[in-house]
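Here is the structure we will look at.
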Amino acid sequence: MKVKKRSFGVLSSGQKVSLYTVSNGVMSFSVTNFGCTITSICLPESNGCSGDVALGFPALHGYLHNTPYFGCLVGRFANRISGARFDLAGASHSLEANDHGNCLHSGRKGFHNQVWESDSFVNTSEAGVIFRKKSPAGDQGFPGNLDVRVTYSLSRNNEIIIRYAVKTDAPTPVNLTNHTYFNLAGHDSGSVEDHTVQLFCDRYIPVDEHAIPSGDILDVAGTPFDFRSPKAIGTDIGSVVGGYDHTWEINRAGESLNPVAGVYEPVSGRTLTVYSTQPGVQFYTGNFLDSIPGKDGCYYGKRSGFCLETQHFPDSPNRPEFPLSILIPDQRYRHETIWHFDF
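In this note's numbering, the protein residues as written are 23 to 365.
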(Lines of atoms letter the chains of each structure in order from A and count residues from 1; the text may use other names and numbers.)
(Lines give C-alpha, C1' and ligand atoms only; values in the text may rest on other atoms or scores of the structure.)
Protein backbone atom coordinates (compact mmCIF):
# COMPACT_ATOMS: atom_id res chain seq x y z
CA MET A 1 0.00 0.00 0.00
CA LYS A 2 1.49 3.35 -0.96
CA VAL A 3 0.71 6.91 -1.98
CA LYS A 4 2.87 9.05 -4.26
CA LYS A 5 2.44 12.82 -4.57
CA ARG A 6 3.60 15.07 -7.40
CA SER A 7 2.89 18.50 -8.81
CA PHE A 8 -0.08 18.72 -11.17
CA GLY A 9 0.36 22.40 -12.05
CA VAL A 10 -0.22 25.93 -10.79
CA LEU A 11 -3.39 28.02 -11.13
CA SER A 12 -3.35 31.61 -12.38
CA SER A 13 -3.91 32.64 -8.74
CA GLY A 14 -0.60 31.02 -7.82
CA GLN A 15 -2.21 28.11 -5.98
CA LYS A 16 -0.27 24.89 -6.39
CA VAL A 17 -2.19 21.78 -7.39
CA SER A 18 -1.08 18.26 -6.46
CA LEU A 19 -1.78 14.82 -7.89
CA TYR A 20 -1.77 11.73 -5.68
CA THR A 21 -1.46 8.16 -6.94
CA VAL A 22 -2.72 5.52 -4.53
CA SER A 23 -1.72 1.87 -5.13
CA ASN A 24 -2.26 -1.48 -3.43
CA GLY A 25 0.18 -3.34 -5.68
CA VAL A 26 -2.56 -4.63 -7.99
CA MET A 27 -4.57 -1.57 -8.99
CA SER A 28 -4.30 2.17 -8.45
CA PHE A 29 -6.14 5.43 -8.77
CA SER A 30 -4.98 9.03 -9.12
CA VAL A 31 -6.73 12.02 -7.59
CA THR A 32 -5.97 15.74 -7.55
CA ASN A 33 -6.78 18.27 -4.85
CA PHE A 34 -8.36 20.45 -7.54
CA GLY A 35 -12.00 19.49 -7.12
CA CYS A 36 -11.06 16.21 -5.35
CA THR A 37 -11.03 14.87 -8.91
CA ILE A 38 -10.21 11.27 -9.82
CA THR A 39 -8.10 11.42 -12.99
CA SER A 40 -7.50 7.70 -13.51
CA ILE A 41 -8.40 4.25 -12.20
CA CYS A 42 -5.90 1.68 -13.43
CA LEU A 43 -6.68 -2.04 -13.37
CA PRO A 44 -4.53 -4.87 -14.78
CA GLU A 45 -4.83 -5.03 -18.57
CA SER A 46 -7.27 -7.69 -19.73
CA ASN A 47 -7.86 -9.22 -23.18
CA GLY A 48 -6.21 -6.28 -24.87
CA CYS A 49 -8.32 -3.72 -23.00
CA SER A 50 -6.69 -0.59 -21.59
CA GLY A 51 -6.07 -0.65 -17.87
CA ASP A 52 -7.42 2.86 -17.18
CA VAL A 53 -11.20 2.68 -16.78
CA ALA A 54 -11.94 6.33 -15.85
CA LEU A 55 -12.53 9.05 -18.45
CA GLY A 56 -10.49 12.20 -17.97
CA PHE A 57 -8.15 14.85 -19.30
CA PRO A 58 -4.38 14.55 -19.84
CA ALA A 59 -3.47 17.65 -17.79
CA LEU A 60 -4.78 20.15 -15.24
CA HIS A 61 -5.93 22.59 -17.93
CA GLY A 62 -8.75 20.28 -19.00
CA TYR A 63 -10.15 20.14 -15.48
CA LEU A 64 -10.27 23.94 -15.24
CA HIS A 65 -13.05 23.83 -17.85
CA ASN A 66 -14.54 20.48 -16.84
CA THR A 67 -18.03 20.81 -18.29
CA PRO A 68 -18.62 17.00 -18.24
CA TYR A 69 -17.56 16.96 -14.55
CA PHE A 70 -15.06 14.15 -15.19
CA GLY A 71 -14.11 12.48 -11.91
CA CYS A 72 -14.84 15.40 -9.62
CA LEU A 73 -16.50 15.92 -6.26
CA VAL A 74 -19.82 17.73 -6.75
CA GLY A 75 -21.21 20.02 -4.04
CA ARG A 76 -22.47 21.75 -2.08
CA PHE A 77 -25.51 20.26 -3.80
CA ALA A 78 -25.19 17.67 -6.55
CA ASN A 79 -27.76 17.40 -9.34
CA ARG A 80 -30.42 20.03 -10.04
CA ILE A 81 -32.35 22.58 -8.01
CA SER A 82 -35.36 23.91 -9.91
CA GLY A 83 -35.53 27.62 -10.62
CA ALA A 84 -32.04 27.98 -9.10
CA ARG A 85 -33.62 28.86 -5.74
CA PHE A 86 -35.05 27.40 -2.56
CA ASP A 87 -36.66 28.64 0.64
CA LEU A 88 -35.34 27.65 4.05
CA ALA A 89 -36.10 28.91 7.56
CA GLY A 90 -38.12 31.83 6.23
CA ALA A 91 -35.46 33.04 3.80
CA SER A 92 -35.17 32.67 0.03
CA HIS A 93 -31.80 31.66 -1.40
CA SER A 94 -30.77 32.24 -5.03
CA LEU A 95 -28.21 30.09 -6.83
CA GLU A 96 -26.48 30.27 -10.20
CA ALA A 97 -28.90 29.37 -13.01
CA ASN A 98 -26.47 27.42 -15.19
CA ASP A 99 -28.82 24.83 -16.73
CA HIS A 100 -32.05 25.95 -18.45
CA GLY A 101 -32.89 28.32 -15.62
CA ASN A 102 -32.06 25.73 -12.97
CA CYS A 103 -28.95 25.19 -10.87
CA LEU A 104 -26.87 22.14 -11.85
CA HIS A 105 -24.16 20.82 -9.51
CA SER A 106 -24.09 24.10 -7.54
CA GLY A 107 -22.95 26.22 -10.49
CA ARG A 108 -19.54 27.06 -11.88
CA LYS A 109 -18.06 27.84 -8.45
CA GLY A 110 -18.95 24.50 -6.90
CA PHE A 111 -16.59 22.24 -4.99
CA HIS A 112 -15.39 20.76 -8.30
CA ASN A 113 -13.72 24.08 -9.16
CA GLN A 114 -11.98 24.66 -5.83
CA VAL A 115 -8.58 23.69 -4.44
CA TRP A 116 -8.77 21.57 -1.29
CA GLU A 117 -6.35 21.06 1.59
CA SER A 118 -5.02 17.52 1.31
CA ASP A 119 -2.91 14.94 3.14
CA SER A 120 -2.14 11.33 2.32
CA PHE A 121 -2.19 8.36 4.69
CA VAL A 122 -1.27 4.67 4.73
CA ASN A 123 -2.38 2.10 7.32
CA THR A 124 -2.61 -1.69 7.48
CA SER A 125 -5.87 -1.92 5.50
CA GLU A 126 -6.08 1.21 3.31
CA ALA A 127 -4.11 3.99 1.69
CA GLY A 128 -5.56 7.23 0.47
CA VAL A 129 -5.99 10.99 0.65
CA ILE A 130 -7.96 13.17 3.07
CA PHE A 131 -9.39 16.39 1.63
CA ARG A 132 -10.60 19.26 3.83
CA LYS A 133 -12.39 22.52 3.15
CA LYS A 134 -14.10 25.28 5.12
CA SER A 135 -16.91 26.57 2.93
CA PRO A 136 -18.15 29.99 4.16
CA ALA A 137 -21.80 30.99 4.37
CA GLY A 138 -22.85 32.28 0.96
CA ASP A 139 -20.51 29.98 -0.95
CA GLN A 140 -22.38 29.08 -4.18
CA GLY A 141 -25.42 30.87 -2.69
CA PHE A 142 -26.01 28.46 0.20
CA PRO A 143 -26.38 29.43 3.87
CA GLY A 144 -24.24 28.09 6.71
CA ASN A 145 -20.53 27.73 7.29
CA LEU A 146 -19.52 24.19 6.38
CA ASP A 147 -16.63 22.10 7.63
CA VAL A 148 -16.12 19.41 4.98
CA ARG A 149 -13.90 16.33 5.07
CA VAL A 150 -13.79 13.84 2.20
CA THR A 151 -11.58 10.74 2.18
CA TYR A 152 -10.69 8.72 -0.92
CA SER A 153 -8.97 5.42 -0.13
CA LEU A 154 -8.00 2.11 -1.71
CA SER A 155 -8.29 -1.17 0.18
CA ARG A 156 -6.34 -4.38 -0.23
CA ASN A 157 -9.56 -5.89 -1.64
CA ASN A 158 -9.53 -3.58 -4.69
CA GLU A 159 -12.16 -1.22 -3.33
CA ILE A 160 -12.13 2.54 -3.79
CA ILE A 161 -13.90 3.96 -0.75
CA ILE A 162 -15.23 7.52 -0.57
CA ARG A 163 -16.28 8.84 2.84
CA TYR A 164 -18.02 12.18 3.32
CA ALA A 165 -18.33 14.10 6.62
CA VAL A 166 -19.85 17.58 6.90
CA LYS A 167 -20.75 19.89 9.80
CA THR A 168 -22.68 23.17 9.61
CA ASP A 169 -23.51 26.08 11.92
CA ALA A 170 -26.87 26.83 10.23
CA PRO A 171 -29.51 24.77 8.41
CA THR A 172 -28.47 24.20 4.79
CA PRO A 173 -28.90 21.67 1.95
CA VAL A 174 -25.98 19.26 1.55
CA ASN A 175 -25.69 16.64 -1.18
CA LEU A 176 -22.23 15.44 -2.18
CA THR A 177 -21.29 12.90 -4.84
CA ASN A 178 -18.44 11.87 -7.10
CA HIS A 179 -18.91 12.21 -10.85
CA THR A 180 -16.47 9.64 -12.25
CA TYR A 181 -17.28 8.29 -15.72
CA PHE A 182 -16.46 4.59 -16.04
CA ASN A 183 -15.75 2.47 -19.09
CA LEU A 184 -14.69 -0.98 -17.94
CA ALA A 185 -13.31 -1.85 -21.37
CA GLY A 186 -10.89 1.06 -21.03
CA HIS A 187 -11.48 4.80 -21.08
CA ASP A 188 -10.62 4.99 -24.79
CA SER A 189 -12.75 2.07 -26.02
CA GLY A 190 -15.88 3.91 -27.18
CA SER A 191 -19.51 3.17 -26.37
CA VAL A 192 -20.55 1.55 -23.08
CA GLU A 193 -23.87 0.31 -24.45
CA ASP A 194 -22.71 -3.33 -24.26
CA HIS A 195 -21.96 -3.07 -20.52
CA THR A 196 -24.45 -5.13 -18.50
CA VAL A 197 -25.96 -3.23 -15.56
CA GLN A 198 -28.01 -4.33 -12.57
CA LEU A 199 -29.54 -1.72 -10.26
CA PHE A 200 -30.82 -2.79 -6.85
CA CYS A 201 -33.67 -0.35 -7.17
CA ASP A 202 -37.42 -0.96 -7.50
CA ARG A 203 -38.37 2.67 -8.14
CA TYR A 204 -37.10 5.65 -10.11
CA ILE A 205 -37.79 9.39 -10.30
CA PRO A 206 -39.32 10.64 -13.57
CA VAL A 207 -38.19 14.06 -14.79
CA ASP A 208 -39.20 16.68 -17.36
CA GLU A 209 -37.24 17.74 -20.45
CA HIS A 210 -34.82 19.70 -18.24
CA ALA A 211 -34.32 16.80 -15.80
CA ILE A 212 -36.43 18.38 -13.05
CA PRO A 213 -38.51 15.85 -11.05
CA SER A 214 -42.27 16.08 -10.72
CA GLY A 215 -42.14 14.70 -7.18
CA ASP A 216 -43.37 11.25 -8.20
CA ILE A 217 -41.44 8.07 -7.45
CA LEU A 218 -42.56 5.30 -9.81
CA ASP A 219 -42.20 1.54 -10.03
CA VAL A 220 -39.67 0.44 -12.66
CA ALA A 221 -41.66 -2.67 -13.64
CA GLY A 222 -42.59 -2.70 -17.32
CA THR A 223 -40.47 0.35 -18.14
CA PRO A 224 -37.04 0.92 -19.75
CA PHE A 225 -35.86 1.85 -16.24
CA ASP A 226 -36.10 -1.73 -15.00
CA PHE A 227 -32.55 -2.92 -14.30
CA ARG A 228 -33.49 -5.26 -11.46
CA SER A 229 -32.09 -8.10 -13.56
CA PRO A 230 -28.81 -7.57 -15.44
CA LYS A 231 -29.39 -5.82 -18.77
CA ALA A 232 -27.14 -4.24 -21.39
CA ILE A 233 -27.25 -0.45 -21.29
CA GLY A 234 -28.15 -0.35 -24.97
CA THR A 235 -31.14 -2.70 -24.71
CA ASP A 236 -33.80 -0.07 -23.95
CA ILE A 237 -31.88 3.19 -24.12
CA GLY A 238 -33.55 4.12 -27.40
CA SER A 239 -36.88 4.20 -25.57
CA VAL A 240 -35.66 6.92 -23.19
CA VAL A 241 -35.52 10.40 -24.72
CA GLY A 242 -31.88 11.48 -24.63
CA GLY A 243 -30.73 8.37 -22.76
CA TYR A 244 -30.48 7.59 -19.07
CA ASP A 245 -29.91 10.56 -16.76
CA HIS A 246 -32.23 9.71 -13.88
CA THR A 247 -32.22 8.97 -10.17
CA TRP A 248 -33.24 5.57 -8.84
CA GLU A 249 -34.29 4.97 -5.24
CA ILE A 250 -31.93 2.46 -3.66
CA ASN A 251 -33.69 -0.50 -2.04
CA ARG A 252 -33.40 -0.67 1.77
CA ALA A 253 -31.56 2.64 1.79
CA GLY A 254 -30.60 3.66 5.31
CA GLU A 255 -27.64 4.29 7.57
CA SER A 256 -25.88 1.04 6.64
CA LEU A 257 -24.19 0.23 3.35
CA ASN A 258 -26.56 -1.18 0.75
CA PRO A 259 -25.86 -2.74 -2.67
CA VAL A 260 -26.54 -0.18 -5.38
CA ALA A 261 -25.35 -1.55 -8.72
CA GLY A 262 -23.38 -4.25 -10.47
CA VAL A 263 -21.75 -3.68 -13.87
CA TYR A 264 -20.09 -6.27 -16.15
CA GLU A 265 -18.08 -5.62 -19.30
CA PRO A 266 -17.94 -8.72 -21.56
CA VAL A 267 -14.68 -8.17 -23.47
CA SER A 268 -12.43 -7.43 -20.50
CA GLY A 269 -14.43 -9.56 -18.06
CA ARG A 270 -14.22 -6.75 -15.51
CA THR A 271 -16.95 -6.01 -13.00
CA LEU A 272 -17.77 -3.03 -10.81
CA THR A 273 -20.01 -3.38 -7.75
CA VAL A 274 -21.24 -0.27 -5.95
CA TYR A 275 -22.38 0.03 -2.33
CA SER A 276 -23.57 3.17 -0.54
CA THR A 277 -25.38 4.63 2.45
CA GLN A 278 -27.11 7.20 0.21
CA PRO A 279 -30.85 7.03 -0.64
CA GLY A 280 -30.45 7.38 -4.41
CA VAL A 281 -28.19 6.86 -7.40
CA GLN A 282 -28.06 8.94 -10.57
CA PHE A 283 -27.35 6.61 -13.49
CA TYR A 284 -26.03 8.72 -16.37
CA THR A 285 -24.91 7.29 -19.70
CA GLY A 286 -22.74 10.10 -21.06
CA ASN A 287 -25.44 11.36 -23.39
CA PHE A 288 -23.91 14.82 -23.77
CA LEU A 289 -20.32 13.79 -24.48
CA ASP A 290 -19.45 15.15 -27.91
CA SER A 291 -15.94 14.50 -29.23
CA ILE A 292 -14.25 15.76 -26.05
CA PRO A 293 -10.43 15.49 -26.20
CA GLY A 294 -9.29 13.15 -23.44
CA LYS A 295 -6.29 11.18 -22.22
CA ASP A 296 -3.92 9.32 -24.54
CA GLY A 297 -5.03 11.38 -27.56
CA CYS A 298 -8.52 9.89 -27.65
CA TYR A 299 -11.83 11.69 -28.07
CA TYR A 300 -14.85 10.86 -25.94
CA GLY A 301 -18.06 10.65 -27.93
CA LYS A 302 -21.65 10.10 -26.92
CA ARG A 303 -22.03 7.29 -24.36
CA SER A 304 -18.29 6.71 -23.99
CA GLY A 305 -18.77 6.35 -20.24
CA PHE A 306 -21.38 5.94 -17.53
CA CYS A 307 -21.75 7.43 -14.05
CA LEU A 308 -23.27 5.94 -10.91
CA GLU A 309 -23.58 9.02 -8.70
CA THR A 310 -24.78 8.01 -5.23
CA GLN A 311 -26.64 10.96 -3.71
CA HIS A 312 -29.83 12.48 -2.33
CA PHE A 313 -32.75 13.04 -4.71
CA PRO A 314 -32.63 15.96 -7.19
CA ASP A 315 -34.41 19.19 -6.22
CA SER A 316 -35.06 17.82 -2.73
CA PRO A 317 -34.76 21.29 -1.10
CA ASN A 318 -37.95 22.13 -3.03
CA ARG A 319 -39.58 18.70 -2.63
CA PRO A 320 -40.78 17.97 0.92
CA GLU A 321 -42.01 14.54 -0.27
CA PHE A 322 -38.38 13.48 -0.95
CA PRO A 323 -35.91 12.33 1.74
CA LEU A 324 -34.65 15.31 3.71
CA SER A 325 -31.39 16.85 2.45
CA ILE A 326 -31.18 19.68 5.01
CA LEU A 327 -28.27 19.47 7.44
CA ILE A 328 -28.73 21.19 10.81
CA PRO A 329 -26.09 22.22 13.37
CA ASP A 330 -26.63 19.37 15.85
CA GLN A 331 -26.32 16.72 13.14
CA ARG A 332 -23.46 15.51 10.97
CA TYR A 333 -23.68 14.55 7.31
CA ARG A 334 -21.95 11.18 6.99
CA HIS A 335 -22.07 9.00 3.92
CA GLU A 336 -19.93 6.34 2.33
CA THR A 337 -19.70 4.85 -1.16
CA ILE A 338 -17.63 1.84 -2.21
CA TRP A 339 -16.59 0.84 -5.73
CA HIS A 340 -15.41 -2.78 -5.73
CA PHE A 341 -13.54 -3.97 -8.82
CA ASP A 342 -13.07 -7.56 -10.01
CA PHE A 343 -10.85 -8.40 -12.97
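Glycine included, each C-beta is placed from N, C-alpha and C at the ideal position.
Shortest Cα-Cα distance from V282 to any of V289, N273 and P288 involves N273. Across the structure, L240 and C64 are spaced so that their CA atoms are roughly 37 Å apart. Fully contained in the segment 214-293 are the following beta strand (DSSP E) runs of length 3 or more, in chain order: 218-221, 225-227, 267-271 and 280-286. By the Cβ criterion, the segment 183-196 is in contact with the segment 349-357, since at least three pairs of Cβ atoms, one from each stretch, lie closer than 8 Å.
DSSP, read as helix, strand or coil, puts K317 in helix. Separation of N88 and Y321 (C-alpha to C-alpha, rounded to the nearest whole angstrom) is 15 Å. For G84, the enclosing alpha helix (DSSP H) covers residues L82 to L86. Uninterrupted alpha helix (DSSP H) stretches at least 4 residues long and entirely within the segment 68-139 occur at 82-86, given in chain order. Counting along the chain, Y203 sits inside no beta strand (DSSP E), nor does DSSP assign it H or E at all. At least 9 Å separates the beta-carbon of T295 from that of V303. Counting C-beta pairs with one atom in each stretch, the segment 249-266 and the segment 299-315 have three or more that are closer than 8 Å, which means they touch. Among the bridge pairs identified by DSSP, K189 is matched with D169.
Going by C-alpha positions, H334 is about 21 Å away from G265.
If the five residues before and after E67 are omitted, its C-beta is found closer than 8 Å to the C-beta atoms of G73, all from its own chain and listed in chain order. Three or more beta-carbon pairs separated by less than 8 Å are not found between the segment 96-110 and the segment 77-86, which leaves the two stretches without contact.
Between the alpha carbons of N180 and T146 lies a gap of roughly 14 Å. Sequence-distant partners of K317 (beyond 5 residues in either direction) whose C-beta falls short of 6 Å from its own C-beta, in its chain, are G78 and P80.
Of the candidates H115, N200, K27 and Q37, the residue whose Cα lies closest to the Cα of Q300 is N200.
When beta bridges are read from the DSSP output, R28 appears opposite L41. For S52, the enclosing beta strand (DSSP E) has its first and last residue at S50 to T54.
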